[in-house]
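Colleague: Under my numbering, the residues of the sequence shown are numbered 1 to 607, in order.
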Amino acid sequence: MSAQSPSISGKIERYFSLWRKVIALLKYSSKRLGIFVFVAALLEIMLALGALLAIKLAVDDITQSANSGDGVDMGRVLAAISIVLGLFLAGRIMHSVANYYRAAQGFVVSDYVNRAIQERAVAADLSFYDSALYYDSLERARQAGAQRPAQVIANALNVFRGGMMLAGIAVVLFIVEWRLLPISLIAVGLMLVVQVRFTRQRFLLQRRLVQKERHASYADWLMTSQPFAKEIRLWDIGAYLRAQYMNIRKVVRKDYLAIERRKSIAESLVSVVGTLVVFASAAFILYRFSTGQAQLSDLIMVVLLLVRAETAGRDFVMSLSRLYDDQLFLNQLFVFLELKPVMAKGEVAQPLPAQAKEGVALEHVTFSYPTSEQPALEDVSLRIRPGQFTALVGGNGSGKTTLIKLLCRLYDPQEGSVTYDGVNVQAFDPVAYRKQFSVIFQDFVQFAYTGRDNIRLADLGRDGNDARLHDVARLTGAHEVLEELPHGYDTVLSRMFDGGVELSGGQWQKIALSRAMFPESKFIILDEPTSAIDPNAEAELFDGFRDKLEGRGALVISHRLSTIRQADYTYVLDNGKIVEEGTHAQLIGQNGRYAEMFERQGRGYRS
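#1: Check the DSSP bridge columns for Ser438 and list the partner residues they point to.
#2: In angstroms with no decimal places, state the Cα-to-Cα distance between Leu333 and Gly168.
#3: With distance defined between alpha-carbon atoms, name the residue in Val194, Tyr256, Trp178, Gly189 nearest to Glu213.
#4: In three-state terms, what does DSSP make of Ala361?
#5: Taking 8 Å as the cut-off, does the region 220-231 touch the region 280-291 (at least 3 CB pairs, one atom from each stretch)?
#6: What span of residues does the alpha helix (DSSP H) with Gly589 cover, start to end?
#7: Span of the beta strand (DSSP E) holding Phe389?
#8: Do Leu190 and Val270 have their beta-carbon atoms positioned less than 7 Å apart in this structure?
#9: Would you kindly report the start and end of the unbroken beta strand (DSSP E) that includes Ile557?
#10: Is Lys340 buried or exposed, if buried means 16 or more other CB atoms sit within 10 Å of its CB?
#11: What does the Cβ neighbour count give for Val342, buried or exposed, with the cut at 16 atoms within 10 Å?
#12: Smallest Cα separation from Phe447: which of Phe437, Thr390, Thr491?
#13: Which residue from Asp527, Val277, Leu555, Leu209 puts its Cα closest to that of Ile248?
#14: Below 7 Å CB to CB, which residues in the same chain sit around Ala123 once its five sequence neighbours on both sides are set aside?
#15: What runs of the beta strand (DSSP E), each 3 residues or longer, lie entirely inside the region 369-431?
#16: Put Tyr449 into one of helix, strand or coil per three-state DSSP.
#17: Please check the pair Val277 and Ile175, which I expect to be a contact at CB under 8 Å, by giving their CB distance rounded to whole angstroms.
#18: In whole angstroms, what separates the C-alpha of Leu587 from that of Glu580?
#19: Taking C-beta to C-beta, are Leu392 and Tyr594 nearer than 7 Å?
#20: Counting Cβ pairs, one atom from each stretch, are 3 or more of them under 8 Å apart for the region 371-380 and the region 398-412?
#21: Rounded to the nearest angstrom, what separates Gln590 and Gly395 at their Cα positions?
#22: How would you label Val317, buried or exposed, when you count the other beta carbons within 10 angstroms and need 16 or more for buried?
#23: In the DSSP assignment, what residue or residues form a beta bridge with Asp574?
#24: On a CA-only basis, which of Pro353, Leu382, Thr476 is nearest Val423? Give me that one, please.
#25: Determine contact between the region 427-441 and the region 515-526, defined as no fewer than three beta-carbon pairs at a distance below 8 Å.
#26: According to DSSP, Tyr569 sits in a beta bridge with which residue or residues?
#27: Less than 7 Å between C-beta atoms, sequence neighbours within five positions excluded: which residues of the same chain meet that for Ser321?
#28: Val335: which of Gly106, Trp235, Arg120, Asp125 sits nearest, CA to CA?
#29: Rounded to a whole number of angstroms, what is the C-alpha to C-alpha distance between Ile117 and Leu337?
#30: On a Cα-Cα basis, can you pick out the residue from Arg32, Leu85, Ile232, Leu33 that is closest to Ala58?
#31: Verify whether the separation of the beta carbon atoms of Val307 and Ala282 is less than 7 Å.
#32: Taking just the CA atoms, how far does Tyr101 sit from Gln609?
#33: May I ask you to list the residues that DSSP assigns as paired with Phe367?
#34: If we call anything under 7 Å between Cβ atoms a contact, is Gly553 one with Gln388?
#35: Just to confirm the assignment, what range does the alpha helix (DSSP H) spanning His215 have?
#36: Are the beta-carbon atoms belonging to Gln151 and Leu33 less than 7 Å from one another?
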């Protein structure tokens with residue numbers, strides 16, 4: 001027995017810990033709302049029980065009047081009926097009032113939980129997105145849902161209300177006929193066992209099927225989202241994706257329906273037992289009435305109490321079952337909300353230099369993704385100096401984008417270090433450090449916002465009407481693109497919303513370039529910045545590029561060596577390693593991989 005105690009105490013502690021967290025959510029809701037909900041529920045219970053007692057008193061009064069030989073006083077009968085109906089009406093009104101306050105409270109708590117999930121998702125390290133476990137955790141948190149915390153409060157109140165109602169009915173039933181109380185409790189207990197058992201089975205099934213449901217959601221997303229619309233139609237794969245979706249849903253539906261079928265059978269059997277209890281109780285009181293051991297009001301009261309007890313018991317058990325269901329799911333929610341980024345700001349973060357002197361550097365960096373045994377980068381050293389145009393070339397999959405992520409501290413290396421003016425970047429606040437960079441990734445984001453907002457998202461501290469926004473747009477060619485749109489810079493760049501337009505790939509690249517140039521950062525990183533624009537626009541962008549940098553250090557990744565040859569210093573990356581470095585002339589002189597790439601591209605222009 002003692003060996004089991006720690007396990008039992010641990011479960012109890014986890015249970016109370018969960019409820020402490022749930023109750024803590026209420027601090028984000030109005031205390032006044034909480035009081036109103038509690039008082040309304042209490043009044044609802046009192047009015048419902050009062051109506052039942054009023055019925056008994058009315059029947060007793062009528063029976064006594066009839067037995068006295070004076071006849072029934074119709075005025076008193078109408079008054080009694082009016083009191084009963086008034087109490088029922090007041091109870092229904094109070095029920096509606098309680099529902100309103102519960103809904104108001106639910107909105108506040110739900111908004112808080114949604115915000116908390118979003119904050120954790122944004123704050124999570126980028127490495128979380130490399131793991132299926134992260135997506136499972138996020139999906140389980142979303143299954144818990146923003147409505148769950150509000151439901152917990154509502155269900156707790158429903159359990160309280162149903163419990164109080166059952167307690168009141170039990171007291172009255174005990175007074176009228178105590179021998180009926182035990183079998184009524186047995187019927188309620190059976191309902192409780194059935195609901196809790198199948199609630200847990202459903203939860204465990206949902207947990208097991210979370211990845212299957214994510215696969216189905218992904219197929220649905222592919223079929224209904226704009227980014228994939230062209231390929232799906234060109235390749236005619238709609239039927240294939242629908243089949244994938246339906247095959248998964250068929251498996252999921254089969255498993256859920258198996259539980260629901262067993263639950264339906266069990267609930268039906270419990271209903272049969274409940275009906276037999278009511279019938280047997282009514283027959284017992286009818287027998288006592290026929291032998292003069294009970295009054296007519298007792299018969300009516302017992303039937304009403306048992307019917308009401310069956311309804312209240314079902315509501316109580318269902319609420320208790322939902323409460324059990326809620327606490328299982330909320331465990332998943334709180335597991336996600338307790339995720340903490342590894343790259344969080346330390347207790348004492350070193351201030352960043354006001355002016356960069358040595359620049360940012362990778363020093364003998366080796367890095368592997370969590371799910372890969374092969375290093376994406378191995379013993380890489382690279383430096384970006386202030387005011388210097390640095391270039392990086394390499395084939396697809398050589399590790400160029402990974403290198404950018406390490407420079408910006410979206411990841412930390414397993415070996416080596418990233419330094420800023422000679423200081424390991426892990427000493428700085430990661431958010432403040434990342435603001436030193438303006439970056440355009442090769443797979444840059446196309447926001448369904450206005451052209452103005454698409455540019456200023458890189459530096460929301462600046463006014464959207466800032467002259468700098470227009471200056472960088474002219475610099476990259478985005479100004480001409482936006483000026484020709486129906487609402488200029490205030491045109492929404494997506495047909496997802498009314499009045500929106502779609503841009504070409506080259507036009508979007510100019511918008512993304514403007515976004516990268518807009519902040520007054522210390523360094524700018526451009527990953528294939530001109531892959532989708534014509535040679536004339538590219539030449540215009542890189543004409544006088546050093547002046548456009550405004551003293552910033554720049555790292556440009558490009559396959560177009562006509563651009564790279566203008567760089568002050570170039571690194572050649574191959575299979576995660578720096579294999580060559582130097583100026584354009586030095587690299588040509590080495591007659592290595594860079595010279596081979598340059599010669600191959602030049603041959604295409606000469607032929």
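Just so it is clear, CB atoms sit at the ideal spot from N, CA and C, and this is done for glycine as well.
Modeller: Inspection of the coordinates gives the following:
#1: Bridge partners of Ser438: Ile524.
#2: Rounded to whole angstroms, the separation of the alpha carbons of Gly168 and Leu333 is 36 Å.
#3: With distances taken between CA atoms, Glu213 lies nearest to Tyr256 out of Val194, Tyr256, Trp178, Gly189.
#4: If DSSP states are grouped into helix, strand and coil, Ala361 belongs with the strands.
#5: Taking 8 Å as the limit for Cβ pairs, the verdict is that the region 220-231 does not touch the region 280-291.
#6: 584-590 is the extent of the alpha helix (DSSP H) around Gly589.
#7: For Phe389, the uninterrupted beta strand (DSSP E) run begins and ends at 389-394, by DSSP.
#8: Taking 7 Å as the cut-off, the Cβ atoms of Val270 and Leu190 count as close.
#9: Start and end: 553-557.
#10: Taking all protein chains shown into account, Lys340 has fewer than 16 neighbouring C-beta atoms within 10 Å of its C-beta and is therefore exposed.
#11: With fewer than 16 other Cβ atoms within 10 Å, it is exposed.
#12: Out of Phe437, Thr390, Thr491, Thr491 has the C-alpha closest to the C-alpha of Phe447.
#13: The shortest Cα separation from Ile248 among Asp527, Val277, Leu555, Leu209 belongs to Leu209.
#14: Once the five neighbours on either side are set aside, the close Cβ partners of Ala123 are Pro341.
#15: Qualifying beta strand (DSSP E) stretches, in chain order: 377-384, 389-394, 415-420.
#16: Correct three-state label for Tyr449: coil.
#17: Between Val277 and Ile175 the beta-carbon gap is near 19 Å, outside 8 Å, which marks them as no contact.
#18: Spanning the two alpha carbons is a distance of roughly 7 Å.
#19: Between Leu392 and Tyr594, the CB-CB gap reaches or exceeds 7 Å.
#20: Taking 8 Å as the limit for Cβ pairs, the verdict is that the region 398-412 does touch the region 371-380.
#21: Rounded to the nearest whole angstrom, the CA to CA distance from Gln590 to Gly395 is 19 Å.
#22: Around the beta-carbon of Val317, 16 or more other beta-carbon atoms lie within 10 Å, marking it buried.
#23: Partner(s): Lys577.
#24: That would be Pro353, whose Cα lies nearest to the Cα of Val423.
#25: Counting Cβ pairs under 8 Å, three or more are found: they touch.
#26: Note: Tyr569 sits in a beta bridge opposite Thr390.
#27: Answer for Ser321: Gln195, Val196, Thr199, listed in chain order.
#28: Distances from the alpha-carbon of Val335 to those of Gly106, Trp235, Arg120, Asp125 put Arg120 closest.
#29: So the two alpha carbons sit approximately 6 Å from each other.
#30: Measuring from the Cα of Ala58, the nearest candidate turns out to be Leu85.
#31: Not closer than 7 Å, so no.
#32: This structure leaves residue 609 out entirely; the chain is present only between 1 and 607.
#33: In the DSSP output, where bridge partners are listed per residue, Phe367 has Leu377.
#34: Against a cut-off of 7 Å, the Cβ pair of Gln388 and Gly553 comes out as a contact.
#35: 210-224 is the span of the alpha helix (DSSP H), which, as asked, contains His215.
#36: Not closer than 7 Å, so no.
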